[in-house]
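Single-structure report; data block below.
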Amino acid sequence: MYNKLLIFFLSLFVLNGYGQTETLNVKGYIKDQSTGEPLEYVNIICNETKTGSVTDSFGFFIISDLYSGHFHFTISHIGCETQLVFADIETDTTLYFTLDHTDHIIDDIVITGSNIPLSTEKFETLTSQDISDSGYKNISNILESISGVSTLKNGSGISKPVVHGLYGNRITILNNGVAQAGQQWGNDHSPEIDPLVANQINVIKGTSSLEYMGSNLGSVILVQPQNIGTEPHLNGKASYFFESNGLTHATNIQIGKKTKKIGWRLNGTIKKGGDKKTPSYFLNNTGTEEANLALTLEKKHSEKLKTNFYASTFNTQLGVLRGSHISNLTDLEQAFQKEKPFFTEDNFSYAIDAPKQKINHHLLKLKSSYFLTDTNWLNFTLASQLNIRKEFDIRRGGRTDTPALSLKQYALFLEGKYHTHSNNGWKINSGIQVNIIDNTNDPETGILPLIPDYISYESGAFVTFQNSINMSLIEFGFRYSNFIQNVVTISKDVNQQIIRFQNIYNNLSGSAGWRYKANENLSYALNVGFGQRSPGINELYSGGLHQGVSGIEEGNLDLKTESSLKSTFTILAGISNHISFESLLYFQNIGNYIFLEPQDEIRLTIRGAFPVFKYEQTQAQIFGLDINANIDFSESIKSTFGYSYIKGKDVTNKVALINIPSNVLTSKIDYESIHAIKIGNSKFENLGFEINGRYVFKQNDITSDQDFVTPPEAYFLLGLEMSTEIQISSTRLRWILKAENILNVEYRDYLNRQRYFADDIGFNLITGFNLKF
Amino acid sequence: MKKIVSIILLFAVVLFSSCSKDDPVTTIPQEVITTLNYTLTSSTGETFQFKFIDPDGDGGIAPTVSSEIIPANTVFTGRIQVLNETLDPVEDVTLEVKEEDLEHQFFFSSTLNTTVISYQDQDASGNPLGVETGFMTGASGNGQLTIILRHEPIKDAEGVSEGDITNAGGETDIEVSFELDVQ
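For the record, the sequence lines run as chains V and Z.
So the first sequence is residues 241 to 1013, counted in the numbering used here.
So the second sequence is residues 2 to 184, counted in the numbering used here.
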């Protein structure tokens, strides 16, 4: 868990002053947005004059000897992301800043910041600072720092988030308000999102996400890009990262400007990494390459009408461990015997050969907001996405350069939303949505496709109600979705007949939640949600040999819609000023839960004998507990502990569900220097040290007939972090040093498919620079 | 409001269900192997066949596996033929294997330890390929003969050139087992 220190510059009021003198004074107050408490030790520096001040215990500061003109102020506070604020100063001026300094998780109770949705569901937020300090990681690996979130991996470069035991088609990922369209069904398909475009990532560990399209079984990941801001001059951020493991270089540049006519922001990332290394050998062919670009334009046509345009392109190439490319069970068993995977070489390389994945994802989005009144508004969104996925295998006859899987998916999304407040305090949010997905296999592969071509239409409508009554927050809502799938399959026999299917599903979901604030230090939230998910295309129609898993997978045309009932119960408590904790208890029951069941059959093919897996349905239960505790030993020494416990059961067959994450225990101790430290002429601000540990328990529930090998042993990873900032004229430099897996332990993780073949990665030293200008 | 929503939804349902996907381009899979023939020829010119045929690929109709009774205490020359019979004319995949001889190797193993199988051909680097073999039977008995074709084996790994598959790695393109009846 990263520090939940948020800083939001929410409002800047320039109050009138008088008394035209040659030199001016700028004074002001900085308060905590959540608690209204004054914030002490906040640094304010005027970039133009290099003069500055530090707030006192009243949150008060004064900068004297300014003259009239345009000024930029750098506002920094320990653990928060430094803010750059622009102001026109003509007279003596008083500035009011409200910073959301949610130092403790307990402060979530009083969330009023505009960027964090007020909800009875449990929100976990990764701030801009959390994201940018982990800019070398992919989005799933960044999310792993949240308790209750794990990653399903195939090596370290390919990973997808697992929230409360669900992943892929069962959770929804929204990139800038648009449901991420792609080949989400694949266990080795990462979400195609550049985390560095995001300013904030929220994970709703919820019960039913009624507002969003996609499956409504519970959790949602919201990726929010950076706002354009109010700065009328060219401004931005440049960062660079280097990782010793994999010799990865990553650079991100963001620039933007707000003019009277239009606001714009451009964000670009380039990443290149080579073979990762375990404590004792290289993982050959595990390099990654990535190049992304995103553009945001914002135009305010009038006080009532605002339009936002967003375009992004995400392009990546990911290597898959050469030694993990196998065919039948004999190959797999032989791979298990090897201490080092086959094809392990002594030399590091940046080369990415087959097996590899090449993915391009493009998004265009246009959103208009029309304000009827201050509390009634309409939103229209039009978005389209193009996802191109090519997977390369090692093939005979010079076909290695021809993809073995080549899919093109086009998605079109239309949405109209209406938000209103009733007279008696109810906030009502309603909307209708249409999402069209057109998925086509490129015949270039020369292989019968694993999943068929299809067009699917999803149309839905939702309405949610929310109200605060005394110390309670109440919300409830409903959603109806209609799904139509037009599928064209090719029969697997010699005749290759074309068979068409049309499936129509009507899904209902609903949820209700109640949050009660008992007192300043105690609050509860209870949430119950019902959701449905119709079977995915792969679950219905996939068929054939899945080489990656040494098995034959068979779709099942008789699958029915999954129905889930999930309840969450959250307690947020402050025991004293220095100790607080939160716990989230959840229980989910999924009827008709779709899973790949090993069949009794072993099928003989010319490649040898393969076990057969078929998509079947069962009654599943997932329950667990996420606990976080914060203990502050002093103003500068703080600690955080987290524990995630989860169990998944197949109730009908009385066995454990596969791919349920291990239990995890995390802890970290921070030292943060409140005062700047001077060394020579340099002033080091916001100096911080952190030591962190992560203990992952063994997944003991899986029996030997559920997996090819027993789940790996428990492991413990130790890490260190250090960061500081210095002001160099009008730019601010942040430096980060991290060390991961310091003890260089050899370990394998249950949710990493690469565990069949190789150890996970060893010691990694990361250094990063971040320049704000 | 509700009326409008339901009308739009109804309209959408009618509109969407009427659009459908174009016929997909059916591709004739090029890399399929349907057949493996292992033919033993004695010095007298008598031939004995081991045959594995799966015309419709994985799944569907189960493959047919056949073998003939072979005489004891005899020396044969063995020859492998690999075919893709889904194509017309039938493709002889053996040619492709020979062309990419550096990336392929056949491995033979018999549970009947009186049978001795030896490589009689080489790839461009002088390592065995296994399309051509020598096959020698001893006393009569029953067992199993397994033939494996590995794609991209590590040919210089220990034991691989002697026909030991343990350190070969790579990916199995063919793995078939036959009844071995020596009389």
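Just so you know, even glycine gets a beta-carbon here, dropped at the ideal spot from N, CA and C.
From a predicted model like this one, the values you see are computed outputs, not experimental measurements.
Close Cβ partners of residue i (< 6 Å) along its chain, the five nearest in sequence each way excluded
{"i": "V/P472", "result": "K498"}
{"i": "V/F337", "result": "I270"}
{"i": "V/G292", "result": "I284 and I285"}
{"i": "V/Y480", "result": "T491 and F1009"}
{"i": "V/L604", "result": "A551 and S624"}
{"i": "V/F929", "result": "Y911 and M962"}
{"i": "V/L977", "result": "M962 and T1007"}
{"i": "V/P357", "result": "Confidence at V/P357 is low in this model, with a pLDDT of 43, below 50, so its placement is unreliable and the value that follows should be read with caution. There are no such residues."}
{"i": "V/G769", "result": "T447, S448, S751 and K806"}
Residue i, DSSP secondary structure in three states
{"i": "V/S1015", "result": "Since the first residue of chain V shown is 241 and the last is 1013, residue 1015 of chain V is not available in this structure."}
{"i": "V/Y996", "result": "helix"}
{"i": "Z/E163", "result": "helix"}
{"i": "Z/T95", "result": "helix"}
{"i": "Z/N168", "result": "coil"}
{"i": "V/N903", "result": "coil"}
{"i": "V/P435", "result": "helix"}
{"i": "V/L612", "result": "coil"}
{"i": "V/D571", "result": "helix"}
{"i": "V/R410", "result": "helix"}
{"i": "Z/L37", "result": "strand"}
{"i": "V/T352", "result": "Note that V/T352 has pLDDT 28, beneath the 50 cutoff, so the model's placement of it is unreliable and the number below is only indicative. DSSP places V/T352 in coil when its eight states are reduced to three."}
{"i": "V/S913", "result": "coil"}
{"i": "V/T342", "result": "Reliability fails at V/T342, whose pLDDT of 44 lies under 50, so the model's placement of it is uncertain and the value that follows must be treated cautiously. Correct three-state label for V/T342: coil."}
{"i": "V/Q466", "result": "coil"}
{"i": "Z/E104", "result": "helix"}
{"i": "Z/L88", "result": "coil"}
{"i": "V/N381", "result": "helix"}
{"i": "V/D370", "result": "helix"}
{"i": "Z/Q31", "result": "coil"}
{"i": "V/T845", "result": "strand"}
8 Å CB neighbourhood of residue i in its chain, flanking five on each side removed
{"i": "V/F873", "result": "H818 and S879"}
{"i": "V/T488", "result": "Y376, F481, F482, K511, K512, G513, G514 and T528"}
{"i": "V/A575", "result": "G563, S564, I566, P581, F582, Y996 and F997"}
{"i": "V/R635", "result": "A594, T642 and A644"}
C-beta contact flag for residue i and residue j at 8 Å
{"i": "V/N926", "j": "V/T964", "result": "yes"}
{"i": "V/N746", "j": "V/N722", "result": "yes"}
{"i": "V/D693", "j": "V/T680", "result": "yes"}
{"i": "V/N627", "j": "V/E779", "result": "no"}
{"i": "V/T640", "j": "V/F653", "result": "no"}
{"i": "V/P465", "j": "V/N427", "result": "no"}
{"i": "V/S399", "j": "V/T391", "result": "yes"}
{"i": "V/I900", "j": "V/S876", "result": "no"}
{"i": "V/V389", "j": "V/I329", "result": "no"}
{"i": "V/D682", "j": "V/S712", "result": "no"}
Contacts around residue i, its chain only, beta-carbon distance under 7 Å, and the 5 residues preceding and following it disregarded
{"i": "Z/D165", "result": "none"}
{"i": "V/I592", "result": "N525, G527, E529, Q557 and G559"}
{"i": "Z/L88", "result": "I29"}
{"i": "Z/L103", "result": "D124, A125 and S126"}
{"i": "Z/T167", "result": "G160"}
{"i": "V/A421", "result": "Q625, N627, Q649, A651 and I677"}
{"i": "V/F948", "result": "L572 and Y996"}
{"i": "V/W617", "result": "S609, Y610, F611 and H659"}
Beta-carbon separation (whole angstroms), residue i vs residue j, contact threshold 8 Å
{"i": "V/V460", "j": "V/T412", "result": "5 Å"}
{"i": "V/L436", "j": "V/S372", "result": "7 Å"}
{"i": "Z/F108", "j": "Z/T134", "result": "11 Å between Cβ atoms; not a contact."}
{"i": "Z/L37", "j": "V/I982", "result": "Not a contact, Cβ separation roughly 53 Å."}
{"i": "Z/D23", "j": "V/D733", "result": "Not confirmed; about 22 Å, so no contact."}
{"i": "Z/K156", "j": "Z/Q106", "result": "6 Å"}
{"i": "V/K806", "j": "V/Y826", "result": "7 Å"}
{"i": "V/L450", "j": "V/S662", "result": "In fact, because the Cβ distance is near 18 Å, the residues do not count as touching under 8 Å."}
| field | Complete beta strand (DSSP E) runs within the stretch 671-747 of chain V (minimum length 3 residues, chain order) | value | 693-709 and 712-730
| task | Would you mind listing the beta strand (DSSP E) stretches within the stretch 740-817 of chain V that are 3+ residues and don't spill past its ends, in chain order? | result | 762-773, 783-786, 791-794 and 802-814
| query | Can you list, in chain order, the stretches of the alpha helix (DSSP H) that have 4 or more residues and sit fully within the stretch 943-988 of chain V? | reply | none
| Which ranges does the alpha helix (DSSP H) cover as unbroken runs of at least 4 residues, wholly within the stretch 489-566 of chain V, from first to last along the chain? | none
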